[in-house]
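With the sequence shown counted from 1, adding 11 to any position gets you this note's numbering.
Just so you know, even glycine gets a beta-carbon here, dropped at the ideal spot from N, CA and C.
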Amino acid sequence: MTPEEALVERMAKVAAHNAAVHQHNAAIERKIEKLKQAINRLTAVQAELDGLKIDKIQHGGENVWRGNVYREHQQKVGYVKDDIDGFSSLMGDAFEDYSNTISRLKSEKKSYWIT
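Structure follows, in structure tokens:
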């Protein structure tokens, strides 16, 4: 094999490798972009949850309520607060999982060969 033929063969291998790397990295970038969009949506939902004013519902004043209705109402508001806290915690876990997945995907990117 002549040096020119060896060089052509080497260039063909490098081109094939780089094309495969490009496809692999592009697929990873698409996944990362979807995860970033999901993180943005989670952030928006978390901001909406943080904006809920449950305390205004809770403090209606005992003079307005009759019998056990006020205590029952406060208990139900407490359940709502617990649900919101639980949902916020789950969203935090999802945010962390998405961030970790993005880091892992970035580490899976392959390098191009230089000719």
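Item	Value
Cα separation between Lys-42 and Asn-36?	10 Å
Go ahead and pull the three-state DSSP assignment for Ser-100.	helix
Rounded to whole angstroms, what is the Cα-Cα separation between Ala-105 and Thr-54?	11 Å
Using a Cβ-Cβ cut-off of 7 Å (strictly less than) and excluding sequence neighbours within five positions of Ala-17, which residues of its own chain qualify?	none
Can you tell me the Cα-Cα spacing of Ile-113 and Ser-100, whole angstroms?	20 Å
Would you tell me roughly how many angstroms separate the C-alpha atoms of Gly-97 and Glu-40, rounded to the nearest one?	32 Å
Check the C-beta distance from Tyr-90 over to Ile-50 and give it rounded, since I have them as a contact under 8 Å.	That pair is no contact at about 29 Å.
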